[in-house]
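A.B. asks:
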Amino acid sequence: MKNEDMKKMHPGTASRGMHRIVCHPERREGSFKKKIRILYLLAILALCLMSGCGEKNSAVTEENENMHITVGFSQLGAESDWREANTRSIRSTLSRENGFELLFDDAQQKQDKQIIAIRKFIQQEVDYIVLAPVTETGWDAVLGEAKDAGIPVVIVDRRVDVKDDELFTAWIGSDFAKEGAVACEWLYEYTKAKGISASELRIADIQGTLGATAQIGRTEGIKKGAAKYGWKIVAAEPADYTRAKGREVMERLLRTNPEINVAYCENDNEAIGVIEAIEAAGLKAGADIKNGEILVISFDAARSGLNMVLEGKIALDVECNPIQGASVRGVINSVNEGREYEKYTYVTEMAFSADDTVQSVKIGDEDYRITTLTEKLLEMREY
Ligand code: GZL
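To convert, take the position in the sequence shown, counting from 1, and add 4; that gives my numbering.
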């Protein structure tokens, strides 16, 4: 091709002789162009591959999505430190990284909202439902609907009282009657060691949400203790596990029953409200009943309650363990893979006291250890 012609083809090209092996601009241009074209083609190919892979990726993502186990979690509320720790435990365990897609609903302590949430999960065709029921009764119909839809239901924390226990797949939670018994056996041993006779005790039972398994078990505990040891329960009122209600109920009871010397609070948030009421009345929360202090017993052993134990304002805090996520995940994975699993799983729990007067109590044949709380122990706790 003539030089002039080549110029026309490739403006800006020049040749410096046809025999030297140089990288002619036009050839460079041609090869440059070719390289660009090749790069361009490679880029397109890569894009196709990418998009193809993208499709594949999206297919894989799609497949991954499909591999995620979808779980609808109906949590009863956010009324206490315990409840928030329970929610954190389950939400952090049923995570996307662990292969779950979690739909969460907070029912603000209303059963009808929980029933609506469960029906919504059924419509969304989730793979599993986790239910933390606000009270024991009223679940037969909606659990029947979940069963008819082929959706296994895992109950956490409180129990459901249903005609057919095949309406739920498994339950994970605490032995609330035992929690109540531990508190009462400690109260008996403690007052005996301090020379306080049973007939001197005037107990206010600040109850949890009426009809909740925790309330039923803990209230049963103090009733049995009173009958067994001759204590007098001068008042029993629900405070819905909240600090505000605990304070309101105790302020009223101190006015109507000034002889109260034991406050049996069915969770830490109530106990903190009760202590506020005691102090607002110019009284003192402590264990020295003989000198007019009001001995406070609590449940949950959340950090907020244990801080009060360290301050000597709560004499005994019986743990109720909210860390249930791993057990829930275990049951769901077992069901998913057709493996054996326990229908009922009890979480492990302890009891913490402000001093070492009582180091263990007898619960049936068991020597149940009472742990004297220290700063160090508190630092090590998860919630
Ligand atoms: C107990 C749980 C109770 C806690 C409260 O398992 O149901 O509900 O004791 C919570 O703190 O509100």
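Using N, Cα and C, we set each Cβ at its ideal position, and we do this for glycine too.
Would you report the Cα separation of E255 and S308, rounded to the nearest angstrom?
C.D. replies: Translated into the one-based positions of the sequence shown, residue 255 becomes position 251. Translated into the one-based positions of the sequence shown, residue 308 becomes position 304. Distance between the alpha carbons of E255 and S308: 21 Å.
A.B. asks: I'd like to confirm something about Y192: is its beta-carbon nearer than 7 Å to some heavy atom of the ligand GZL, or not?
C.D. replies: On the sequence shown, residue 192 is found 188 positions in, with the first residue counted as 1. False, no ligand heavy atom lies under 7 Å from that Cβ.
A.B. asks: Say yes only if the C-beta of W143 is nearer than 7 Å to one or more non-hydrogen atoms of the ligand GZL, and no if none qualify.
C.D. replies: As a first step, residue 143 is located in the sequence shown; it is residue number 139 there, counting from the start. No; taking the cut-off as 7 Å, the Cβ of W143 has no heavy atom of the ligand GZL nearer than that.
A.B. asks: Would the C-beta of D321 count as close to the ligand FMN, meaning under 7 Å from any of its heavy atoms?
C.D. replies: As presented, the structure is devoid of the ligand FMN, carrying the ligand GZL as its sole ligands.
A.B. asks: Report buried or exposed for R20, applying the criterion of at least 16 other Cβ atoms within 10 angstroms of its Cβ.
C.D. replies: As a first step, residue 20 is located in the sequence shown; it is residue number 16 there, counting from the start. At R20 the pLDDT is 31, less than 50, meaning the model places this residue with poor confidence and gives no usable figure here.
A.B. asks: Extract the residue ranges of the alpha helix (DSSP H) inside the segment 141-178, only unbroken runs of 4 or more that lie entirely within it.
C.D. replies: 144-152
A.B. asks: Flag this pair as touching only if the segment 121-134 and the segment 152-169 have three or more C-beta atom pairs under 8 Å; answer yes or no.
C.D. replies: With three or more CB-CB distances shorter than 8 Å, the segment 121-134 counts as touching the segment 152-169.
A.B. asks: Could you round the C-beta distance between A355 and W86 to whole angstroms and report it? I think they count as a contact, below 8 Å.
C.D. replies: Position 351 of the sequence shown, counting from 1, holds the residue named residue 355. Position 82 of the sequence shown, counting from 1, holds the residue named residue 86. Not quite, the Cβ-Cβ distance comes to about 15 Å (not below 8 Å), so this is no contact.
A.B. asks: Report yes if the CB atom of K317 is closer than 8 Å to the CB atom of I279, and no otherwise.
C.D. replies: Position 313 of the sequence shown, counting from 1, holds the residue named residue 317. Position 275 of the sequence shown, counting from 1, holds the residue named residue 279. Result yes, Cβ atoms of K317 and I279 sit closer than 8 Å.
A.B. asks: Could you round the C-beta distance between A319 and A291 to whole angstroms and report it? I think they count as a contact, below 8 Å.
C.D. replies: Reading the sequence shown from its first residue, position 315 is the one you call residue 319. Reading the sequence shown from its first residue, position 287 is the one you call residue 291. Correct: roughly 4 Å between the Cβ atoms.
A.B. asks: Just verifying my parser: in three-state terms, what is the DSSP assignment at V138?
C.D. replies: Numbered from its first residue, the sequence shown carries residue 138 at position 134. Residue state, collapsed to three classes: coil.
A.B. asks: My parser needs the alpha helix (DSSP H) runs of 4 or more residues fully inside the segment 222-304; what are they?
C.D. replies: 247-260, 272-284
A.B. asks: Starting from V339, follow the alpha helix (DSSP H) in both directions and report where the run begins and ends.
C.D. replies: For the purposes of this step, residue 339 is taken as residue 335 along the sequence shown, with counting starting at 1. Counting along the chain, the alpha helix (DSSP H) containing V339 begins and ends at 329-340.
A.B. asks: Flag R309 as yes when its Cβ comes closer than 7 Å to any non-hydrogen atom of the ligand GZL, and as no otherwise.
C.D. replies: Residue mapping note: residue 309 aligns to position 305 of the sequence shown, counting from 1. The question names Arg, but residue 309 in the sequence shown is Gly. Look at G309: its beta carbon is at least 7 Å from all of the heavy atoms in the ligand GZL.
A.B. asks: Below 7 Å, is the gap between the Cβ of E83 and the nearest heavy atom of the ligand GZL?
C.D. replies: On the sequence shown, residue 83 is found 79 positions in, with the first residue counted as 1. It does: the Cβ of E83 is within 7 Å (strictly closer) of some heavy atom of the ligand GZL.
A.B. asks: So what does DSSP say about G316, is it helix, strand or coil?
C.D. replies: Residue mapping note: residue 316 aligns to position 312 of the sequence shown, counting from 1. Coil, per DSSP.
A.B. asks: Figure out for me which residue from S357, E353, V332, E204 has the closest Cα to the Cα of Y345.
C.D. replies: Taking the sequence shown and counting its residues from 1, one reaches residue 345 at position 341. Looking at S357, E353, V332, E204, the one whose alpha-carbon comes closest to that of Y345 is V332.
A.B. asks: Over what stretch of residues does the beta strand (DSSP E) that includes S78 continue unbroken?
C.D. replies: Indexing the sequence shown from 1 puts residue 78 at position 74. S78 -> beta strand (DSSP E) spans 73-79.
A.B. asks: With DSSP as the reference, identify every bridge partner of V322, one or two as the case may be.
C.D. replies: For this step, residue 322 is matched to residue 318 along the sequence shown. Answer is F303, A355.
A.B. asks: Look up V130 in the DSSP assignment and say whether it is helix, strand or coil.
C.D. replies: As a first step, residue 130 must be located in the sequence shown, where it is residue number 126. Coil at V130, not helix or strand.
A.B. asks: How about V238 and I264: are their beta carbons less than 8 Å apart?
C.D. replies: The count along the sequence shown starts at 1 and reaches residue 238 at position 234. The count along the sequence shown starts at 1 and reaches residue 264 at position 260. Yes. Within cutoff.
A.B. asks: Roughly how many angstroms separate the alpha carbons of A330 and N311, rounded to a whole number?
C.D. replies: Position 326 of the sequence shown, counting from 1, holds the residue named residue 330. Position 307 of the sequence shown, counting from 1, holds the residue named residue 311. The straight-line gap from Cα to Cα measures roughly 27 Å.
A.B. asks: From C188 to F180, what does the alpha carbon distance come to, in whole angstroms?
C.D. replies: Translated into the one-based positions of the sequence shown, residue 188 becomes position 184. Translated into the one-based positions of the sequence shown, residue 180 becomes position 176. Approximately 13 Å, taken between the alpha carbons.
A.B. asks: Just checking my contact of G225 with A267 at CB under 8 Å: how many whole Å lie between their CB atoms?
C.D. replies: Stepping through the sequence shown from its first residue, residue 225 is reached at position 221. Stepping through the sequence shown from its first residue, residue 267 is reached at position 263. Wrong, their Cβ atoms sit about 15 Å apart, outside the cutoff.
A.B. asks: Just the C-alpha distance for L214 and T378, rounded to the nearest angstrom, thanks.
C.D. replies: Here residue 214 refers to the residue found at position 210 when the sequence shown is read from its first residue. Here residue 378 refers to the residue found at position 374 when the sequence shown is read from its first residue. Using only the alpha carbons, I get a separation of about 33 Å.
A.B. asks: How long is the line joining the alpha carbons of F104 and S364, rounded to whole angstroms?
C.D. replies: Residue 104 sits at position 100 when you count from the first residue of the sequence shown. Residue 364 sits at position 360 when you count from the first residue of the sequence shown. The straight-line gap from Cα to Cα measures roughly 42 Å.
A.B. asks: Would you tell me roughly how many angstroms separate the C-alpha atoms of G212 and E170, rounded to the nearest one?
C.D. replies: Here residue 212 is taken as the residue at index 208 of the sequence shown, counted from 1. Here residue 170 is taken as the residue at index 166 of the sequence shown, counted from 1. If you take the alpha carbons of G212 and E170, they lie about 28 Å apart.
A.B. asks: Per DSSP, I207 is paired with what?
C.D. replies: To locate residue 207, count along the sequence shown from 1; it is residue 203. Bridge partners of I207: I237, V266.
A.B. asks: For Q112 and G142, which I take to be in contact (beta-carbon distance under 8 Å), what is that distance rounded to the nearest angstrom?
C.D. replies: Taking the sequence shown and counting its residues from 1, one reaches residue 112 at position 108. Taking the sequence shown and counting its residues from 1, one reaches residue 142 at position 138. About 16 Å; that fails the 8 Å criterion.
A.B. asks: What does DSSP give as the partner residues of E370 in its beta bridges?
C.D. replies: Mapped onto the sequence shown, residue 370 falls at position 366. Bridge partners of E370: I367.
A.B. asks: Using the Cα positions of K232 and I120, report the straight-line distance between them to the nearest angstrom.
C.D. replies: Residue 232 sits at position 228 when you count from the first residue of the sequence shown. Residue 120 sits at position 116 when you count from the first residue of the sequence shown. Approximately 43 Å between the Cα atoms of the pair.
A.B. asks: If you follow the beta strand (DSSP E) that Y350 is in, where does it begin and where does it stop?
C.D. replies: Within the sequence shown, the letter at position 346 stands for residue 350. Bounds of the beta strand (DSSP E) holding Y350 are 348-350.
A.B. asks: For the alpha helix (DSSP H) that L191 lies in, which residues bound it at each end?
C.D. replies: Counting from 1 along the sequence shown, the entry for residue 191 is found at position 187. Element bounds for L191: 180-197.
A.B. asks: Can you find the residues in the same chain that come closer than 7 Å, C-beta to C-beta, to E383, ignoring five residues on each side of it along the sequence?
C.D. replies: What you label residue 383 is simply residue 379 of the sequence shown in a count that begins at 1. Taken in chain order, the list of residues that qualify is empty.
A.B. asks: In the DSSP output, which residue or residues are listed as bridge partners for E105?
C.D. replies: To locate residue 105, count along the sequence shown from 1; it is residue 101. E105 is bridged to T74.
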